[in-house]
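Here is the structure we will look at, set down as structure tokens.
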Amino acid sequence: MVCLVKEELVGILRTRFGDSLIVDEEVVRAYSRDMSGVQGAAGGVIRVTSTSQVKEAVDFARDHGVPLVARGAGTSLDGESVPFDGALVLDFSPMKRVLDFDVDNHLVTVEPGVVNRELNNYLGQKGFFLPPNPGSWEMSTIGGNTSTNAAGPRSYKYGSFRRWVKGLEVVLGTGEVTRLGHYTTKSSSGLDLVSLLVGSEGTLGLFTKVVLRVEPLPESRVGVIVPVSGVRQATKAVVELSRRPWLGISALEFVDDKCISALNAVYGDTLPEAPAALFLEVEGSRREFESRLEELLNTLSGFELVGDPLYEENVDGMWDIRGRIAFALGKLYGENRYRDDVAVPVSSFPELVSGVSRILEEKGLEYAVFGHAGDGNLHLEFDRTKLSAAELDSLLRQIFGLTLSLRGTLSGEHGIGWLKLPYVDLEHTGEAINLMRSIKRVFDPKNILNPRKAY
Ligand SMILES: Cc1cc2nc3c(=O)[nH]c(=O)nc-3n(C[C@H](O)[C@H](O)[C@H](O)COP(=O)(O)OP(=O)(O)OC[C@H]3O[C@@H](n4cnc5c(N)ncnc54)[C@H](O)[C@@H]3O)c2cc1C
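Mapped onto my numbering, the consecutive letters of the sequence shown carry residue numbers 726 to 1180.
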């Protein structure tokens, strides 16, 4: 056993947290990184099991000036959950109970460590679902999803997490435990602090309970995989489809040929090989379903399809496949890849994809593009092995410059974390960033919660 937290503090922590405290060097090193690949340096890990333990940890951190980083599953892609400077990691994964399901009001109250897909499995048995289904939904937690304002394929119709979080129990950086939000479908009472905390990347408070609105499952849903002759045609089809809300499309995704080949090669999936493809979910009542699919195909026929669409009744299974793209690309092309997430208004999506592709091709980089196209949200991955730090920085500035010139944003869903921190001032004014930092000082006066992240 090697102790990384300052020797004199371990005794205090051990008395307060017992076996929930982990200081074993190997384990602590594993908790010192997330899926961004950024390597930090944690001081120790506490596997929290209750609100009172979380409060105890915050009080300890304030008293001893030790930073705290909340962790769900550590699937963040920009270093959101990476601890630096000997921070204590609070692992919320043991807090994974569904505490209450109020069927009549469509509200579920959970602890933050529950995994998104597992919550959806639970809700599905009762005829409900939680709409935002990030690609990582088989691993990522409701706490992490809330803290990053996560989204997924179905966010095309249903929006990101912020729309579904109705209430929070939260331990603030001051050590106070408080309840925020309301249970009603509408409220004009007070400032919307829940919305402020959703997407705050663990910098303002630590969630110990999350109240979510959930949705009854539609009568019918089907997945449709559409092979298209090229990236340009596929992205233009997205804009066309987004003008037709009556088709009942709830998810509208785009992938390029590299993603398809990687999924086929690594997972043995049997997707049609094509230069590009759209992944859609269509929902509705049985009565309207047939005519919706018919009009969908008529619309798509103007966009050079290169094969018959595949219909997938196991829609969640289709999203599991879609969610494995990053792993498949990593296995096939190597893990030393840069992964990014930018978003623009949907009408500019074709221009964003062609512009980003041009930038990467000019540098001779191997890359793949895919994303939640209906939301104008592009994911890109490229080989970074041949780039120096300065070259990577200059490349990212080009991509972000293009995105912002198209009225876009630096992150559609993953967050800013650590990796994108040097670029926030490209998007936000100095006044806006100062306001964010002033708000942080109110919630967390001693700057112990996930410092040096996000803004
Ligand atoms: C293969 C893959 C696919 C992905 N697809 C998507 C996608 O489609 N959409 C999307 O939005 N993201 C996606 N992501 C990114 C990532 O999964 C999300 O950001 C997710 O919400 C992180 O959840 P997590 O439980 O892993 O949180 P973590 O990575 O552990 O933490 C994320 C942030 O939340 C904070 N946090 C965690 N728990 C709490 C808590 N209880 N209280 C306060 N703050 C907390 C952390 O401090 C950190 O800032 C993907 C990642 C991978 C690896």
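Yeah, the Cβ is synthetic: ideal placement off N, Cα and C, and Gly gets one too.
Does any heavy atom of ligand 1 sit closer than 8 Å to the C-beta of Val-794? yes
CA nearest to the CA of Val-840, picked from Phe-826, Asp-829, Val-791 and Phe-817: Phe-817
Starting from Thr-933, follow the beta strand (DSSP E) in both directions and report where the run begins and ends. 930-938
When DSSP labels each residue in this structure, what does Ser-757 get in the three-state scheme? coil
Do Leu-1135 and Val-1067 have their C-beta atoms within less than 9 Å of each other? yes
To the nearest angstrom, report how far apart Val-895 and Asp-784 are at their CA atoms. So the alpha carbons of these two residues sit roughly 14 Å apart.
Could you give the residue range of the beta strand (DSSP E) that holds Leu-1121? Leu-1121 -> not in any beta strand (DSSP E); alpha helix (DSSP H) instead, spanning 1114-1130.
Reduced DSSP secondary structure (H/G/I, E/B, other) of Met-726: Legend: pLDDT at Met-726 = 39, less than 50; position of this residue unreliable, value from coordinates given subsequently. Residue state, collapsed to three classes: coil.
Examine ligand 1 and report whether any of its heavy atoms sits within less than 8 Å of the Cβ of Gly-1032. For Gly-1032, the Cβ stays outside the 8 Å cut-off from all heavy atoms of ligand 1.
Can you tell me whether Leu-1054 is helix, strand or coil according to DSSP? helix
Per DSSP, what kind of secondary structure is Ala-1098 in: helix, strand or coil? helix
Own chain partners of Tyr-1063 with C-beta closer than 6 Å, once the 5 adjacent residues on each side are dropped: Phe-1107 and Arg-1109
Nearest-angstrom Cα distance between Leu-916 and Leu-922? 12 Å
How many Å lie between Val-727 and Gly-930 at the Cα? At Val-727, the pLDDT of 42 sits below 50, so the modelled position is not reliable; the number obtained from the coordinates is stated separately. Between Val-727 and Gly-930, the C-alpha separation is close to 30 Å.
Is the distance from the Cβ of Leu-793 to the Cβ of Ala-812 below 9 Å? Yes, they are a contact pair.
For Thr-1154: DSSP bridge partner residues: According to DSSP, Thr-1154 bridges with nothing at all.
Counting C-beta neighbours from all protein chains within 10 Å, is the total for Asn-874 16 or more, i.e. buried, or is it exposed? buried
To the nearest angstrom, report how far apart Phe-1168 and Ala-1179 are at their CA atoms. 15 Å
Output the boundary residues of the alpha helix (DSSP H) element that contains Val-919. 918-922 is the extent of the alpha helix (DSSP H) around Val-919.
Buried versus exposed, by CB contacts within 10 Å (16 or more), Ile-1050: buried
With 16 other Cβ atoms within 10 Å as the buried cut-off, status of Asn-1159: Under this definition Asn-1159 is an exposed residue.
For Glu-805, verify whether its CB is less than 8 Å away from any heavy atom of ligand 1. yes
Under 8 Å from any heavy atom of ligand 1, does the C-beta of Phe-817 make it? yes
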